[in-house]
Structures are given as structure tokens and as C-alpha cells.
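Asks:
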Amino acid sequence: FYGECSWFVHNQKYNKAEKMRCIQMNSGLKIVTIGGGSSYTPELIEGFIKYYDELPVSEIWLVDVEAGKEKLEIVGSLAKRMVQKAGVPIEIHLTLDRKEALVGADFVTTQFRVGLLDARGKDEGIPLKHGVLGQETNGPGGLFKALRTIPVILDICKEMEEVCPDAWLINFTNPAGMVTEAVLRYSNINKVVGLCNVPIGMEMGVAKLLDVEHSRVRIDFAGLNHMVFGLDVYVDGVSVKDQVISMITDPDKSITMQNIHAMGWEPEFLQALNVFPCPYHNYYYKAGDMLEKELKNYNDGGTRAQVVKQLEDELFELYKDPELAIKPPQLEKRGGAYYSDAAVRLIHSMYTDKRDIQPVNTMNRGAIASMPFDSAVEVSCIITKDGPKPLVMGDLPVAVKGLVQQIKSFEQVSIEAAVTGDYGKALLAMTINPLVPSDRVAKMILDEMLEAHKEYLPQFDRELSPSL
Ligand code: G6P
8 FYGECSWFVH NQKYNKAEKM RCIQMNSGLK IVTIGGGSSY TPELIEGFIK YYDELPVSEI
68 WLVDVEAGKE KLEIVGSLAK RMVQKAGVPI EIHLTLDRKE ALVGADFVTT QFRVGLLDAR
128 GKDEGIPLKH GVLGQETNGP GGLFKALRTI PVILDICKEM EEVCPDAWLI NFTNPAGMVT
188 EAVLRYSNIN KVVGLCNVPI GMEMGVAKLL DVEHSRVRID FAGLNHMVFG LDVYVDGVSV
248 KDQVISMITD PDKSITMQNI HAMGWEPEFL QALNVFPCPY HNYYYKAGDM LEKELKNYND
308 GGTRAQVVKQ LEDELFELYK DPELAIKPPQ LEKRGGAYYS DAAVRLIHSM YTDKRDIQPV
368 NTMNRGAIAS MPFDSAVEVS CIITKDGPKP LVMGDLPVAV KGLVQQIKSF EQVSIEAAVT
428 GDYGKALLAM TINPLVPSDR VAKMILDEML EAHKEYLPQF DRELSPSL
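Shown next, in the form of C-alpha cells:
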């Protein structure tokens, strides 16, 4: 894969710096990161630095919007210091001009939040006021995040078609499953992969629990984003599922993310379920307990959005330090910690046609029997230069299939609402969400959220509730 540099790289006359320069000049990759002002950017930069010898990235373009300009400059300067300290010849560019940045990109990564953290506060807080979990990805909050995000991702796809039609879109923007499916269904971009840190977090959690190297752990993943199950868990190819299931019932050994409070599981329940749940299943199998906890937090000072705002303020203060030239460990307090491992390992495997197994969001194509063929699922795939090839997982166990299908219906109706701006579809999506108790409550939450977010929902301008 060194291409033009093959002869040069294998010639002992030249030193490493000269070889690297040749790779950079001849096959350097252009990465464009939309939402580049995010506090997570140092994660990504650290990943590209770590893999530089095998993944010759020559340019990273960090793109943001006017409202994120200050953050873009702060995190962009840190990114420049990080590559300089690491001694890798990656150029960092900062821009507010998305289309200009996209020209000739090889990989486009997306990590933006339409409406910033204020919008997240509303996604989480408004449902809670009505006694309903907001859940900013698969719950009522997720519906609104989708309504705001999908039109923007479809605009990005149109620009990609024009200026970088061969690029791969690697989407981390939540709700990652819905965003990926929206691209597959409503854009001309087929080269899209949705990525999340939950599966890699589950793998790392198992590795820690069993005190083995992460590389020895493999999980057969099947489901949807934030609704994924480990159908089997292996260390060195030998199933350890029963052992893992019995260990994680203990709250102290729960495998979770920083943003989800783990409470452990009823041992008999988990044994009967007989698959490894992801941390987001706490919202569905422990809805009452989670609601109580989130209501308490909300009344004591706010939702996760407020916690994250404070964490972000602290992080950006650190990022401003001209002496800082590494990803600060404090970033690990964010729920998306280690997503660079997932992102860069994916891009690396695609670039090198590695054909290893990784869990991603991609079109089902029959991999999970009772999910629609042309719908996005989160599933273990073989990662090739032509994209992820899903592994056939068979069917989901009957006890979990219904919930996964219900969330898939919620996702599909939400996507249609986002694309059409149809009030009825939005109400339908809200009402069929398993966290919402009735059509009446759904309508109250929907109307309040449509009003609160209207600045970011131009597609709904003409379509407010008939009774408003
Ligand atoms: C998890 C999810 C991500 C999500 C993040 C939120 O890790 O997988 O999709 O963005 O948590 O974390 P935060 O620190 O923003 O609450």
C-alpha cells in the first residue's frame, strides 16, 4: 500500500523522515472532520498520530460553524501542537468553509451537534418535565436530535457528491444509526459507515473484567446503534459469555459508559436473557430506576448536558494552555472516550484492506434475519477497502427481537419526519417510542420541543400542531 514509495521505503539508504515525507507526498490522505471544534477532537488527533506509520494522513481539515469558531481555534491550536510534538508531518487546517474543506477528501468524519449543548439540554430536559426519559439518542431527545441533524447531513452529502464523490463518510454524529440510515436512503452517497464507541467500550470492558488484552476479546454484535447486543463473547476464540453475564450483574463490575449510571442487573434476568446487553439497555430494562435517577439529577442541577457543559469548560481551559501538546486524561470523563480507537482502527482497516472484524453501522443486507434488508444495523463486519461486509448473525433471540424492531420502526418514522417535516410522522415517532407512555404525553412533549427547537427545524415551519 506504499504505492509509489514502495521502492523508496524499502531502500535502507533513506532515513525514516525521508520515507515518511515520500509517503506523505505520494499517498497522503486528506481527512475532513465536520464539527472539528468539538472537545473530542484531541481523541481523533491522538488516533491519527498513533497510527501514522501505517496510515499516512497528510492533511486534517477541522471544520466548524460560526458559533463554534472560538472552540475551533482553541482545539485546532492544540491539534497543531499535538502533531508537532509527535513529529508527524500532518498539516492541520481550520476553516468555517465546509465545501472548500471537502474538496478532494479521502475520509470525511462527522461529529457535529446542531444547536450545540443548549439543544441537548432541551432534548433531555423537556421530556423529563413530563415525567419521561429524554435519552438523547433513542428516546424523545433522539427524535429531536435526528430532526435537527438529518437535513444537515443530507446537505453535506450533496456537497460531497460534488467535490469528493469518492470519499468515505464516517459518521459519529448521533443518533448515529438514524443518521447512517438517512444517508443510505435519502442521499446519493453509498460510501457511508456509522460508528459508535459503545461496542469498543464493551470489548474494552470485557478485557478489563477478565484481565486480558483488548486484542484477545471478540464479541458477535447484532442490533442497532445504542441498542446492540453481544450475542456471544470470546477470548482467544473461546466463548466466555456465561462468565461475563454472571460477572456484570454486580453493579461494581457493570460495563458502562461515563454518561450512563450502571446499576447492575438482576442475575436471573440476565441469565435468562442470555445475551450481553449494551449500557443503553439500562434505559429500557430499568426505565423506572433510570427515570428516578435522572429526575433527581435534573432537580438537583440539570441533565447530563449541564454536566457536559461544565466538563467542556474545564477541558477548553486546559486546551488553551500553550504547554499542552497531548490529549489530556480528563477527556476520559466524557461518554465518547476512546472513540478515536474505533475511528482510526476503522479507517486504517479500510485503507489497508485489512479484513479484520469490527462492529459498525451499515446496511443489514440480511445479516440479521428479522431486520429490514436495506436498513442500517449495528453488526460485526469484515472491514475491507470496499467498506464493511456484515457477518451473518442469524436471528436475534425472541426476547430482544421485539424491542430492537420497535426501535427500528421509531428510527424509520423519525427519519421520514426529519426529511419531510411532517407533523403527523413526528407525532407517530414520538408515540411509538418505548419510553413514551401515551399519545397524549407524546403530543405535549412534541409540541413543546417543536417550539423550543424551531430555530433548527426549518422543515417544520409550515407544519405546527393543528391545535396550536
Ligand atoms: C456514549 C455514546 C456516544 C455519546 C456519548 C455522550 O459514549 O456512545 O454516542 O455521544 O456517550 O457522552 P457525553 O459525555 O457527551 O455525555
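Heads up, the sequence shown stops at 475 in full-length UniProt numbering, and the numbers go up one at a time, no gaps.
Using N, Cα and C, we set each Cβ at its ideal position, and we do this for glycine too.
1) Taking the beta strand (DSSP E) that cysteine 388 belongs to, which residues open and close that run?
2) Go ahead and pull the three-state DSSP assignment for proline 63.
3) State yes or no: is the C-beta of isoleucine 133 within less than 8 Å of the C-beta of isoleucine 439?
4) Going by C-alpha to C-alpha distance, which of Tyr47, Met211, His137 and Ile67 sits closest to serine 445?
5) On the criterion of 16 or more Cβ atoms from any shown chain inside 10 Å, does proline 465 qualify as buried, or is it exposed?
6) Over the uninterrupted beta strand (DSSP E) stretch that includes arginine 225, give me the two end residues.
7) In the DSSP assignment, the beta strand (DSSP E) including glutamate 98 goes from what residue to what residue?
8) Where does isoleucine 375 sit, in a helix, a strand or coil, going by DSSP?
9) For glycine 409 and valine 95, I'd like the C-alpha separation in whole angstroms.
10) Rounded to whole angstroms, what's the CA-CA distance from lysine 20 to tyrosine 59? Just pull it up for me.
11) What do you get for histidine 288, buried or exposed, if any count of 16 or more other CB atoms within 10 angstroms of its CB means buried?
12) Quick check on this structure: which residue in Gly237, Pro182, Lys165 and Trp272 has the alpha carbon closest to the alpha carbon of alanine 174?
13) Tell me the rounded alpha-carbon separation between leucine 277 and alanine 374.
14) Is the distance from the Cβ of lysine 415 to the Cβ of glutamate 53 below 8 Å?
15) For the ligand G6P, I want to know if residue 2 counts as a neighbour, meaning its beta carbon is within less than 7 Å of at least one of the ligand's heavy atoms.
16) In whole angstroms, give me the CA-to-CA distance for valine 426 and arginine 155.
17) Just list the residues that DSSP pairs leucine 176 with in beta bridges.
18) Looking only at C-alpha atoms, which of Ile97, Ser65 and Ala108 sits nearest to threonine 40?
19) For the alpha helix (DSSP H) containing aspartate 296, list its first residue and its last residue.
20) Answer yes or no: the CB of glycine 308 versus the heavy atoms of the ligand G6P, is any distance below 7 Å?
21) Tell me, to the nearest whole angstrom, how far the beta carbon of arginine 341 is from that of glutamine 265; I am working on the premise that it is less than 8 Å.
22) Can you determine whether any heavy atom of the ligand G6P sits closer than 7 Å to the C-beta of arginine 341, and answer yes or no?
23) Closest to alanine 406 by CA distance: which of Ala279, Ala376 and Phe151 is it?
24) Since serine 387 contacts proline 404 with CB under 8 Å, what's their CB separation in whole angstroms?
25) Drop a sphere of 10 angstroms on the beta-carbon of glutamine 105, count the other beta-carbons inside from all chains shown, and report buried for 16 or more, exposed for fewer.
26) Can you name, in chain order, every residue of its own chain whose Cβ lies under 8 Å from the Cβ of glycine 141, other than the five neighbours on each side?
27) Taking a contact to mean a Cβ-Cβ separation below 8 Å, would you say threonine 48 touches valine 70 in this structure?
28) Give a yes or no on contact between the segment 209-225 and the segment 241-255, applying the rule of three or more CB pairs nearer than 8 Å.
29) What does DSSP give as the partner residue(s) for threonine 256 in the beta ladder?
30) Could you check where the alpha helix (DSSP H) with glutamine 413 kicks off and where it finishes?
31) Please list, in chain order, all residues of the same chain as phenylalanine 417 whose beta carbon is under 7 Å from its beta carbon, the five residues on each side excluded.
32) How should glutamate 73 be labelled, buried or exposed, when 16 other C-beta atoms within 10 angstroms of its C-beta is the threshold for buried?
33) For aspartate 239, which beta-bridge partners are listed by DSSP?
34) Bridge partners for phenylalanine 283 per DSSP, in chain order?
35) When you compare the CB positions of threonine 263 and proline 274, do they come within less than 8 Å of one another, or not?
36) The alpha helix (DSSP H) with lysine 57 in it runs from where to where?
Replies: Let me spell this out:
1) Looking at the DSSP string, the run of the beta strand (DSSP E) that includes cysteine 388 is 383-391.
2) It is coil, neither helix nor strand.
3) Cβ distance not < 8 Å, so isoleucine 133 and isoleucine 439 don't count as in contact.
4) Per the Cα distances, His137.
5) When all chains shown are included, proline 465 counts as exposed.
6) Under the DSSP assignment, arginine 225 falls in the beta strand (DSSP E) whose first and last residues are 224-231.
7) Counting along the chain, glutamate 98 sits inside the beta strand (DSSP E) bounded by residues 98-102.
8) It is a strand residue.
9) Straight-line spacing of the CA atoms in glycine 409 and valine 95 works out to 49 Å.
10) Lysine 20 and tyrosine 59: Cα-Cα distance of roughly 21 Å.
11) Histidine 288 should be labelled buried.
12) Among Gly237, Pro182, Lys165 and Trp272, the Cα nearest to that of alanine 174 belongs to Lys165.
13) Between the C-alpha atoms of leucine 277 and alanine 374 there is a straight-line separation of about 25 Å.
14) In this structure, the beta-carbon distance from lysine 415 to glutamate 53 does not fall below 8 Å.
15) Past the edges of the chain, shown from 8 to 475, lies residue 2, and the structure says nothing about it.
16) Approximately 10 Å between the Cα atoms of the pair.
17) According to DSSP, leucine 176 shares a beta bridge with Val115 and Val199.
18) Nearest option by C-alpha distance: Ala108.
19) Boundaries of the alpha helix (DSSP H) harbouring aspartate 296: 294-307, taken from the DSSP string.
20) Answer for glycine 308: no, Cβ out of range of the ligand G6P.
21) Right, their Cβ atoms sit about 6 Å apart.
22) At least one heavy atom of the ligand G6P lies closer than 7 Å to the C-beta of arginine 341.
23) Taking alanine 406 as reference, the option from Ala279, Ala376 and Phe151 with the minimal CA-CA separation is Ala279.
24) Not confirmed; about 16 Å, so no contact.
25) Checking the displayed sequence, the identity of residue 105 turns out to be arginine instead of glutamine. Its Cβ being crowded by 16 or more others within 10 Å, arginine 105 is buried.
26) Within the same chain, and ignoring the five residues on either side of glycine 141 in sequence, the residues whose Cβ sits closer than 8 Å to its Cβ are Asp130, Glu131, Gly132, Ile133, Pro134, Leu135, Pro147, Gly148, Glu301 and Thr310.
27) Cβ distance not < 8 Å, so threonine 48 and valine 70 don't count as in contact.
28) Yes, the segment 209-225 touches the segment 241-255.
29) Under DSSP, threonine 256 forms no beta bridge with any residue.
30) Where glutamine 413 is concerned, the enclosing alpha helix (DSSP H) stretches over 405-427.
31) Closer than 7 Å at Cβ, skipping near neighbours: Ala436, Ile439 and Asn440.
32) Exposed, since its Cβ has fewer than 16 Cβ neighbours within 10 Å.
33) Note: aspartate 239 sits in a beta bridge opposite Asp227.
34) Looking at the DSSP output, phenylalanine 283 bridges to Gly237.
35) No, the pair does not count as a contact, with Cβ atoms beyond the cut-off.
36) Membership of lysine 57 in the alpha helix (DSSP H) is indicated by the continuous run 48-57.
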